[in-house]
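Chemist: I'd like to ask you about the structure that follows.
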């Protein structure tokens, strides 16, 4: 393939890059509108099983909403004597990381005129449960490390695809949320 | 209420504490078995829409599996010209945090003989999209901060409930994953 093949404007990955570039332009001059707040509401069901729902959020200076509420049940697995009614909470983080990087890959590829045919990835998180079970205070509760492996079929060279992945990582909200510390306040209402 | 009311053994929050204490005892003497690997597999659908699935994982020295695969679709919202086919990836992190802390609240309360009647929480994450849109390099991509608010109805004093929340936070995998840095390697297979 040639540069002409890979950097034309006919690639269609289903991402509206013009709208994103327009949003960047608009928000550059209206920084208050760039302040978003996402909210998840959780309700305990039983045992380690609970249900989280996202619906409304704040952004562009106003209340916004998904076109419908989205709920996900989380639970612990059977090997910890739970009922396994959904993904474990740490798996939710891995799925969020995968979804974030993949959305970025599609967006960056679109912006670069690269047609994607398939994008698959696996996200592996190593977790020593000696932390959360209180066996060893020197073991952290979270992941010891995370490895993401992409398999991408696209009209582009391997170098171009690697550059797309790198740019996605550079702009990923969830990558940053996991790679770098975030202040969390937990309180009883 | 009295200490006798709140610290008896008749509380039933649906958590098998004996099994968890047994797991702690067993894994204290078999630290290799405490090494878990969780895996999410993601497949791009179109645009910013992708589907993540969890099914098999590794732990207790062997391959394990959920009793069924669990999939979650993630997407970007309509205000960013996407189709809004699911939670946004950052919202997945908030839902994971909520599910993790709530499972911990139920487990710790059970261990302390505290009967829960209801546990609700909201998890708010502030996100300045000037980061992910590349408007301002000084703005991080991830959350500027996260606030978790619990509303808990239980057979316990406010101090006891606050202590349960604090202990859940202290042992939460997702709290640690978000509050503290995690090494992430991203590669093309």
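Residue numbers (my numbering), protein chains in the order written: chain A, 1 to 189; chain V, 190 to 378.
Just so it is clear, CB atoms sit at the ideal spot from N, CA and C, and this is done for glycine as well.
#1: Evaluate residue 374 of chain V with the Cβ neighbour count: other Cβ atoms within 10 Å of its Cβ, from every protein chain shown; 16 or more gives buried, anything less gives exposed.
#2: Between which two residues does the alpha helix (DSSP H) carrying residue 28 of chain A extend?
#3: Do the stretch 122–138 of chain A and the stretch 272–285 of chain V touch if we need at least three Cβ pairs shorter than 8 Å?
#4: 8 Å is my cut-off, CB to CB: does residue 273 of chain V come that close to chain A?
#5: When DSSP labels each residue in this structure, what does residue 337 of chain V get in the three-state scheme?
#6: In this structure, does DSSP put residue 163 of chain A in helix, strand or coil?
#7: Nearest by alpha-carbon distance to residue 27 of chain A: which of A/50, A/60 and A/72 is it?
#8: Can you name, in chain order, every residue of its own chain whose Cβ lies under 6 Å from the Cβ of residue 307 of chain V, other than the five neighbours on each side?
#9: Exposed or buried, what is residue 91 of chain A when buried is set at 16 or more other beta-carbons lying within 10 Å of its beta-carbon?
#10: Could you give the uninterrupted runs of the beta strand (DSSP E) lying entirely in the stretch 32–115 of chain A, keeping only those of 3 residues or more?
#11: Taking 8 Å as the cut-off, decide whether the C-beta atoms of residue 141 of chain A and residue 360 of chain V are in contact.
#12: With a threshold of 8 Å on Cβ separation, who are the neighbours of residue 221 of chain V within its own chain once the five nearest residues in sequence on each side are excluded?
#13: Can you check whether the C-beta of residue 233 of chain A is within less than 8 Å of a C-beta belonging to chain V?
#14: For residue 133 of chain A, write down the residues that DSSP places opposite it in a beta bridge.
#15: Nearest-angstrom Cα distance between residue 52 of chain A and residue 337 of chain V?
Modeler: Let's see:
#1: Answer is exposed; the Cβ neighbour count stays below 16.
#2: 17–28
#3: When Cβ pairs closer than 8 Å are counted between the two stretches, the stretch 122–138 of chain A is seen not to touch the stretch 272–285 of chain V, the count staying below three.
#4: yes
#5: strand
#6: helix
#7: A/60
#8: 342
#9: buried
#10: 35–46, 49–59 and 62–74
#11: yes
#12: Contacts found: 250.
#13: Since the first and last residues shown for chain A are 1 and 189, residue 233 of chain A lies out of range.
#14: Bridge partners of residue 133 of chain A: none, in fact.
#15: 13 Å
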